[in-house]
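Chains as they are written, first to last, in the numbering used here: chain G, 113 to 374; chain V, -1 to 308.
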């Protein structure tokens, strides 16, 4: 029988490394338990590429596309779809539900700051998006003989900036949405214009000039162009990278400004 | 099992609230509230919905910043020293949930990783009757099981004081009584409890002292026995006697506060003692009654009585 020693706990660093990794482990587990998350983030983008690749004419060299095939142009598009699906469809409702359920408030009464949970979710969705993007590149290469990006560093840089901009937009959606179902609604409302900008329906390079100019100033249009250039072996235009970085910074600031913890 | 209390390094109350004020958009919600919670006691904050109970405890928890007044938790300021306060104050929030797919065991492990000196969650789960539910997901727990898990999470950082806000609201009577004995266990383990409730019976059973709070102000602060002594209208007895009863005879009844007559019907407000005295009076005088009713005064009645008395 030991005496229970009751002392005032010394001030400990808030959210120490062990607490942060415990939060990460827990969030990874919860993410995996929601099968719709996994299907949407990891299975849907490569599957879309496979479906597009099954159209015979998409696998034929098209003289209007400088000797490329339609499927070659679709690989950067599905890579971007991986990012925006995670960032706009999966990430915002999770954050909003954590606020709605009082999980963030409950956490703010512990030594761990609730922002730990937000950043963990952001990292987790970012990593899932990149895994899915890599899977799209791999499937394109394996199934349809689409060349892997030739300018690897430029490609990775554009991909990371696009991922940051997408997650920042997702965080802004979570910040302004009052409830998880609103976050889903707003996320979907942003998702379809975003899909359009990636060039899912008309490749950005084939868009009418006026439309193309506008689309190039959206993060997804800029990212589509930058990824296209890097895939072809060129360093992406700085203006596309600047557009992506600007979107990431401005929307992050807006999300931080408007995010409510309760 | 014996527990030896080690003398604390700090003396005095574990929670001090003085002259707390809080308003939302010009509407005063907490108006000059002061009280202290001593080591090892169960202190109740009792009042109707919207009385300012939750706002008061949210200021103590550091979730809200007071407009004015002073709050200390183990000598610390909940706003300025928020992280330090989280190590000494365990919290159960009024409307809060966990991720639906998190299991009980995962929740216990996760929350214990937040603290530098957590309790071992296994005996804690055992004590709260959660051992059989460790692999159950939060979303599948019953209301009572969720509340037991919240008590466990409030205790897991081995705090000196826990705040339990409307812990038993929404529970069935059986689960409510089970929860009460758990709170008594918590108190017996030496942790002070700040209990927010709107159930008179709950406060009466569990609390060493109770602050009655209404419209943002403390209308009475005393031990349960003290409050019952102050409130003379805890029981309402009404009946229509078969023959008239003299006013003097009624007035002499013990514990009696008021007599009302409406036609032949008599309504007495008093205590348990009054009930027994009325019954023996009627029996001795061979008076029959029609529609003899004994009811407990509602919380509102007690409030009205206590505010009138003050």
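Don't be surprised by glycine CBs; every beta carbon is placed ideally from N, CA and C.
Just so it is clear, the structure is predicted and the values come from calculations on it, not from any experiment.
Tell me which residue opens and which closes the beta strand (DSSP E) that residue i is part of.
i	result
residue 30(V)	25 to 35
residue 220(V)	215 to 220
residue 20(V)	13 to 22
residue 90(V)	87 to 90
residue 162(V)	159 to 163
residue 69(V)	66 to 71
Checking the sheet assignment: what are the DSSP bridge partners for residue i?
i	result
residue 41(V)	192(V), 207(V)
residue 293(V)	234(V)
residue 270(G)	Note: residue 270(G) sits in no beta bridge, so no partner.
residue 260(V)	263(V)
residue 214(G)	Its beta-bridge partners do not exist; DSSP assigns none.
residue 239(V)	287(V)
residue 74(V)	71(V)
residue 181(G)	173(G)
residue 212(V)	215(V)
residue 268(V)	233(V)
Which residue marks the beginning of the alpha helix (DSSP H) containing residue i, and which one marks its end?
i	result
residue 51(V)	51 to 58
residue 187(V)	Run containing residue 187(V): none; DSSP gives neither H nor E here.
residue 324(G)	321 to 327
residue 162(G)	156 to 165
residue 333(G)	331 to 343
residue 137(G)	129 to 145
residue 108(V)	102 to 110
residue 246(V)	245 to 249
residue 397(G)	No statement about residue 397(G) is possible, as the shown extent of chain G runs from 113 to 374 and does not include it.
residue 297(G)	292 to 310
Just checking, does the segment 332 to 349 of chain G make contact with the segment 219 to 235 of chain G on the three C-beta pairs under 8 Å criterion? With the cut-off at 8 Å, the segment 332 to 349 of chain G and the segment 219 to 235 of chain G do not touch.
Under 7 Å, CB to CB, which of the residues in the segment 206 to 236 of chain G have a partner in chain V? 213, 214, 215, 217, 218, 220, 221, 222, 223, 224
Using a beta-carbon distance cut-off of less than 8 Å, what residues from the segment 98 to 112 of chain V approach chain G? 99, 100, 104, 107, 108, 109, 111, 112
Contact between the segment 33 to 47 of chain V and the segment 189 to 207 of chain V (3+ Cβ pairs under 8 Å): yes
According to a CB-to-CB cut-off of less than 9 Å, which residues of the segment 281 to 308 of chain G neighbour chain V? none
Within 8 Å, do at least three Cβ pairs link the segment 251 to 269 of chain G to the segment 326 to 342 of chain G? A contact exists between the segment 326 to 342 of chain G and the segment 251 to 269 of chain G.
Using a Cβ-Cβ cut-off of less than 7 Å, give me the residues of the segment 50 to 84 of chain V that come near chain G, in sequence order. 59, 61, 72, 81, 82, 84
Continuous alpha helix (DSSP H) assignments of at least 4 residues falling wholly in the segment 217 to 268 of chain G: 227 to 256
Unbroken alpha helix (DSSP H) runs of length 4 or more, entirely within the segment 125 to 156 of chain V: which are they? 141 to 153
Does the segment 176 to 186 of chain V come into contact with the segment 25 to 36 of chain V, if we say contact requires no fewer than three beta-carbon pairs (one atom in each stretch) closer than 8 Å? no
Taking contact to mean 3 or more Cβ pairs, one atom from each stretch, closer than 8 Å, check whether the segment 212 to 228 of chain V and the segment 62 to 70 of chain V are in contact. no
Taking Cβ-Cβ distances below 9 Å as the criterion, which residues of the segment 265 to 279 of chain G are in contact with chain V? So the list is empty, because no residue satisfies the distance condition.
I'd like to know if the segment 79 to 86 of chain V and the segment 247 to 263 of chain V are in contact, where contact means that at least 3 CB-CB pairs between them fall below 8 Å. no
Quick check: the segment 160 to 168 of chain G against the segment 197 to 213 of chain G, are at least 3 beta-carbon pairs closer than 8 Å? The segment 197 to 213 of chain G is not in contact with the segment 160 to 168 of chain G.
Between the segment 11 to 20 of chain V and the segment 163 to 171 of chain V, do three or more beta carbon pairs fall short of 8 Å? no
Count the C-beta pairs between the segment 233 to 248 of chain V and the segment 213 to 222 of chain V that are closer than 8 Å, then say yes if the count reaches three, no if not. With contact defined as three or more Cβ pairs closer than 8 Å, the segment 233 to 248 of chain V and the segment 213 to 222 of chain V are not in contact.
Can at least three beta-carbon pairs, one atom from the segment 349 to 368 of chain G and one from the segment 277 to 296 of chain G, be found at a separation below 8 Å? Touching, yes.
Whether or not the segment 246 to 259 of chain G and the segment 316 to 336 of chain G are in contact is what I'm after, with contact meaning three or more pairs of Cβ atoms, one per stretch, closer than 8 Å; do they touch? no
At a Cβ cut of 7 Å, what residues of the segment 151 to 165 of chain G count as close to chain V, listed as they run along the chain? none
Contact residues within the segment 135 to 149 of chain V, judged by C-beta distance below 7 Å to chain G: none
Between the segment 86 to 105 of chain V and the segment 141 to 161 of chain V, do three or more beta carbon pairs fall short of 8 Å? yes
Touching by the beta-carbon criterion (3+ pairs, under 8 Å), the segment 181 to 200 of chain G and the segment 309 to 318 of chain G: yes
Just by C-beta distance, which residues in the segment 111 to 127 of chain V are closer than 7 Å to chain G? 111, 112, 113, 114, 115
Kindly confirm or deny that the segment 283 to 292 of chain V and the segment 232 to 241 of chain V touch, where touching means at least three C-beta pairs closer than 8 Å. These segments touch.
Given 8 Å, three or more beta-carbon pairs between the segment 73 to 81 of chain V and the segment 134 to 151 of chain V: no
Under 8 Å: do the segment 178 to 191 of chain G and the segment 114 to 134 of chain V share three or more Cβ pairs, one atom per stretch? no
When Cβ atoms are compared, which residues of the segment 156 to 176 of chain V fall closer than 8 Å to chain G? 156, 158
Give, in chain order, every residue of the segment 183 to 203 of chain V whose Cβ lies closer than 9 Å to some Cβ of chain G. 187, 188, 189
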